[in-house]
Structures are given as C-alpha cells and as structure tokens.
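What follows is a single structure, written as structure tokens, with notes after it.
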Amino acid sequence: MKLKKIGASILAMAMATSMLAGCGEAQTEAPAEAQSTEATETPAAETSAATEEASATTEAKNIEATEITFWHAMNGNLETVLTEITDEFNNSNEYGIKVTLVNQGGYSDLQTKLQASAAADALPDVAQAYNNWLTPYLDKVVHLDDFVANDFDNWDDVVEAYRDECSEFGFVHAVPYNKSTYVLFYNKTMFDELGIEVPKTWADVETAAKTVYDAKGISFIGFDDLAGVVEASLHQNGVDYVDATGALFNNDKGLETFTYLSNLYNNEYARLVGEDGYFSNVLSNQQIASYVGSSAGVSYIKAEGWELGVAPLPGNVNKAANMAGTNIVMFAQDSNKQLAAWEYLKYITSTEAMTKWAVGTGYLPIRQSSYETDEYKAYMAENVCAAACYEQAKDFFFSPTFDASNDIRNTVPGVVEQLVFDKADAQTWLDTLTEQINAQY
Numbered sequence: 272m273k274l275k276k277i278g279a280s281i282l283a284m285a286m287a288t289s290m291l292a293g294c295g296e297a298q299t300e301a302p303a304e305a306q307s308t309e310a311t312e313t314p315a316a317e318t319s320a321a322t323e324e325a326s327a328t329t330e331a332k333n334i335e336a337t338e339i340t341f342w343h344a345m346n347g348n349l350e351t352v353l354t355e356i357t358d359e360f361n362n363s364n365e366y367g368i369k370v371t372l373v374n375q376g377g378y379s380d381l382q383t384k385l386q387a388s389a390a391a392d393a394l395p396d397v398a399q400a401y402n403n404w405l406t407p408y409l410d411k412v413v414h415l416d417d418f419v420a421n422d423f424d425n426w427d428d429v430v431e432a433y434r435d436e437c438s439e440f441g442f443v444h445a446v447p448y449n450k451s452t453y454v455l456f457y458n459k460t461m462f463d464e465l466g467i468e469v470p471k472t473w474a475d476v477e478t479a480a481k482t483v484y485d486a487k488g489i490s491f492i493g494f495d496d497l498a499g500v501v502e503a504s505l506h507q508n509g510v511d512y513v514d515a516t517g518a519l520f521n522n523d524k525g526l527e528t529f530t531y532l533s534n535l536y537n538n539e540y541a542r543l544v545g546e547d548g549y550f551s552n553v554l555s556n557q558q559i560a561s562y563v564g565s566s567a568g569v570s571y572i573k574a575e576g577w578e579l580g581v582a583p584l585p586g587n588v589n590k591a592a593n594m595a596g597t598n599i600v601m602f603a604q605d606s607n608k609q610l611a612a613w614e615y616l617k618y619i620t621s622t623e624a625m626t627k628w629a630v631g632t633g634y635l636p637i638r639q640s641s642y643e644t645d646e647y648k649a650y651m652a653e654n655v656c657a658a659a660c661y662e663q664a665k666d667f668f669f670s671p672t673f674d675a676s677n678d679i680r681n682t683v684p685g686v687v688e689q690l691v692f693d694k695a696d697a698q699t700w701l702d703t704l705t706e707q708i709n710a711q712y
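Here the numbering used here is used: the first residue of the sequence shown is 272, the next is one more, and so on.
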C-alpha cells in the first residue's frame, strides 16, 4: 500500500517559521479521532438519481431558502467554534439558508446513528464521517466532483493528502474538515534532567526508555491508539499493514516490528493506559515520560511544574505519521438542498473560516493559504504542536478503506492489550495479529 504524502511546500513553509512554544485549544481526546481515515481499495459505488454528480453547479444559482441539518461530534470548545462559524454563515448567506447543528455525542455515537439512519433512509443533509464508516451505505453519499470542479475556491489549495482521502472511492465523496496527526508529547523537564535527546529513531526510544526506567522507575512511552501504533510502526519499518485481501505483514519485517513493540512492553518501557483513560492524564501527573497521541488532544495535558515538549514521531526505515480526523459528507437530498449544503461547505472550508477554525480549536488547517495568513502565523509562533505537525507533514499516511477495515480497527486494540498482559514474544504478536485481522474478512 502506497503511503499518501502531504505536499513538501507546506513543510518548507513551516520550517521557515520560527520554532514554536505552546499548545492548541482542541477539546477532543485522541482516540476518538483515531478511526482510520484511509485510502483505498475502491468499493463499487452504486449510482442512483440521488447520488449522481449534481449538474446544477454549472448553471446560474437559484437556491431557495431551506434548512440544512448537520450531524457532528464536536464538543466543548470545538462545538463553540463550529457554532460561531455556522452562525456567521446563517447570518450572511444571501439565500436564506439556515444550517442547524445537531450534536450526536461522541464519534461512536455518531457512527451508530448514521448507520441506523442510513438503513431507515433518514440521513441528515451533511455529517462528519470517517471513510471506513461509509462502506455500508456508500450508495447514499452525494458525488461532489461537479461541485468541486465548478464551484469551489481552488481545490488545489487543499492539502493534497486530504484531497486524496476525500476521493478514495473513485469520486469526491467529502470535504476535509477537522484534521490532526499523531505526535510525541514529552516531559521536557525530565528529558533535560536526565540528559535525554528527543528520540528520532526506534533505537533512540529504546535507549531513552532504559534511562528513564533506571532513573525514575516509570515507563518511557505510551500509545493512546493501539491500532494506530501497530499500523504506524509497520509503515515506519517499511512494511504494509492491510488491504482488502488481508494482513500484509506476516514476514520478517513484520516480525522485526513486533520485536520492537513487544520489547518495549515486556521491559516495562511502554505501558497501557488502563484506568487513566488517556495518556494526557498520565503525562500530566508525571507518571510517564512521553506518549504518542493526537495533536487535537494537547489542551488536556496540564504541565504544572514542568515543561511540555512536542516532537514528530520517531521512525525506523521510514518516517510515518498517522493522519486523523473526520471529513464532511453530503447525503442524498433534493437538488435545492444539495446546492444549499454546498454553499455551507464552501463557507466553512474557506481560507478565512478555516483559519478561524484552526486557531480556535488546534486542528490543522486544510488549506495551504490558511497557513500563510498573518493570524495563523501568529498562532503558530505560540504553539509547539504546530511545529511538530509541520515537521512531519510530508510523512502523513492513511490506509485503505474496505468492508473489513472498521472491524479490524475495532479488533486490534483488544488483541494488543491481551498480548501485553501475556508478555507475549514477537512471534506470538505476529501470529496472533495476523490471525485476528484475517478473521475479520
């Protein structure tokens, strides 16, 4: 499976920005974002009148006043910022379009409600969704190709990997929105005290982990997303994870990968989160030296009496970093609702609105032009997370969506937990994960 990359132009711009020293404002913890937002073995999309590409985009607009319902899973400050942007659209659009936001709870709640509503033919006009949620009802997703081609302000301005993700089914099925990536959060004060350099390779992780464990008696690293660390580690070692046919890592490279992971856990250099729920809590209490989690969860870390550092993920043969966050999908509606919904999607993904969203929430901008605004540059100058995200932007990946992909993502964390509890060796990791993943097909 080919890794999908962010364009190098963003990285170059980021490296020209001064090194940063702060955190974002996102109010959603990482694992909720860790659903695979993956690139493709393309399921056959059935066509219908409701999902054909809308040809009205090539004609003069004649949009009647209407209400658009948007199902989302943004909470806390995220919902506040989304509401502000939506209110601005409602008050400014010339067509009398009113977008009503409906909070469906967390991501798992939203996924369940979308699937039930698809079966009942009662989907909302637009909704946040991960790609691997969509395969059971892909025929109900509106094709957006004509909208993008004829009525969008510079689709090429959208980060390339996000565009690829939103067209993985052979048509443009979504627009990207709340995007993040995984980074290494660490206790810089502890690192400095022990003379530890920020790890850039697996070997660095193992060396630093021994130093911390010997000096402090605590684990060095944790992973909020156990399925994500399996996938990322395989990519970092130059081996593919899964495709529509099954597991792809049952080989020497896979064994080498699980030797690294099993050694971390068996030596107590890595730990599970357990009852702490999220590693932000563990790091905040200085009970671990570092953890890998979503950049969107940085505001949950409370660095009281110590300094927080954020860095790109360590690699091995390759650098590879999980890309996370949902996209916004339009579902089958009449042509007027499609046109109205598209006006809203254009608005919230515009450079101005996207910059407000990114600064207000800590999510990454989807547009290169947002990175270049004075407002976002000022934000970056105070936020260490942005520097780490930019530095590894060229290494973002997402993995294929197919019928079994969601089941795989839901299965792997429990399998990994049991392997850790059993202090299993690398061969057992390899055999068990291969067997359990292939059982999902």
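Note that CB positions come from ideal geometry on N, CA and C, so glycine has one too. The structure displayed is predicted, hence computed values, not measured ones.
Anticipated Cβ contact below 8 Å, Thr337 with Ala611, distance rounded: For this step, residue 337 is matched to residue 66 along the sequence shown. For this step, residue 611 is matched to residue 340 along the sequence shown. Between Ala611 and Thr337 the Cβ distance is about 5 Å, and since that is below 8 Å, they are a contact.
Under 8 Å between C-beta atoms of Asn587 and Val446: Translated into positions along the sequence shown, residue 587 becomes position 316. Translated into positions along the sequence shown, residue 446 becomes position 175. No Cβ-Cβ contact shorter than 8 Å links Asn587 with Val446.
Ranges of the alpha helix (DSSP H) found wholly within the region 596-676, counting only runs of at least 4: If only uninterrupted alpha helix (DSSP H) runs of at least 4 residues are considered, those enclosed by the region 596-676 are 606-619, 622-632, 639-642, 645-651, 655-662.
CB contact check: Arg680 to chain B, cutoff 8 Å: Although the question refers to chain B, the structure presented lacks it and comprises just one protein chain.
Range of the contiguous beta strand (DSSP E) that encloses Asn374: In the sequence shown, residue 374 corresponds to position 103, counting from 1. 369-374 is the extent of the beta strand (DSSP E) around Asn374.
Spatial distance of Gly367 from Ile356 (CA atoms): Position 96 of the sequence shown, counting from 1, holds the residue named residue 367. Position 85 of the sequence shown, counting from 1, holds the residue named residue 356. Going from the Cα of Gly367 to the Cα of Ile356 covers about 16 Å.
Contacts around Ala518, its chain only, beta-carbon distance under 8 Å, and the 5 residues preceding and following it disregarded: By one-based count along the sequence shown, residue 518 stands at place 247. Cβ neighbours of Ala518 beyond the five flanking positions: Tyr512, Leu704, Thr705, Ile708, Asn709.
DSSP state of Asn402 mapped onto helix, strand, coil: Here residue 402 corresponds to residue number 131 of the sequence shown, with the count starting at 1. Three-state result, Asn402: helix.
Minimum C-alpha distance to Leu455 - residue among Ala657, Pro671, Asp422, Val352: Reading the sequence shown from its first residue, position 184 is the one you call residue 455. Each of Ala657, Pro671, Asp422, Val352 was checked against the Cα of Leu455, and the nearest Cα belongs to Ala657.
Backbone CA spacing between Leu353 and Trp404 [nearest angstrom]: In the sequence shown, the residue the question calls residue 353 occupies position 82. In the sequence shown, the residue the question calls residue 404 occupies position 133. Cα to Cα, Leu353 sits roughly 22 Å from Trp404.
Distance, Ala560 Cα to Ala659 Cα: The sequence position of residue 659 within the sequence shown is 388, counting from 1. The sequence position of residue 560 within the sequence shown is 289, counting from 1. Distance between Ala659 and Ala560, taken at the CA atoms: about 18 Å.
Cα-Cα separation between His506 and Glu365, rounded to whole angstroms: In the sequence shown, the residue the question calls residue 506 occupies position 235. In the sequence shown, the residue the question calls residue 365 occupies position 94. The straight-line gap from Cα to Cα measures roughly 48 Å.
Same chain, Cβ closer than 6 Å to Thr528, five either side skipped, listed in chain order: Looking up residue 528 in the sequence shown gives position 257. The beta carbon of Thr528 lies closer than 6 Å to those of Ser504, Leu505, Asn508 in the same chain, with the five residues before and after it left out.
Option in Val553, Thr672, Tyr484 with minimal Cα separation from Asn493: Taking the sequence shown and counting its residues from 1, one reaches residue 493 at position 222. It should be pointed out that residue 493 corresponds to Gly in this sequence rather than to Asn. Among Val553, Thr672, Tyr484, the Cα nearest to that of Gly493 belongs to Val553.
Nearest-angstrom Cα separation, counted from Met345 out to Thr472: Along the sequence shown, read from residue 1 onward, the residue named residue 472 stands at position 201. Along the sequence shown, read from residue 1 onward, the residue named residue 345 stands at position 74. Their backbone Cα atoms lie some 34 Å apart in a straight line.
Ser606 classed as buried or exposed, judged by whether at least 16 other C-beta atoms fall within 10 angstroms: Taking the first residue of the sequence shown as position 1, residue 606 is located at position 335. Per the 10 Å Cβ criterion, exposed.
Span separating the alpha-carbon of Ile572 from that of Ser555: Working through the sequence shown from its first residue, we reach residue 572 at position 301. Working through the sequence shown from its first residue, we reach residue 555 at position 284. When only Cα atoms are considered, Ile572 and Ser555 end up about 5 Å apart.
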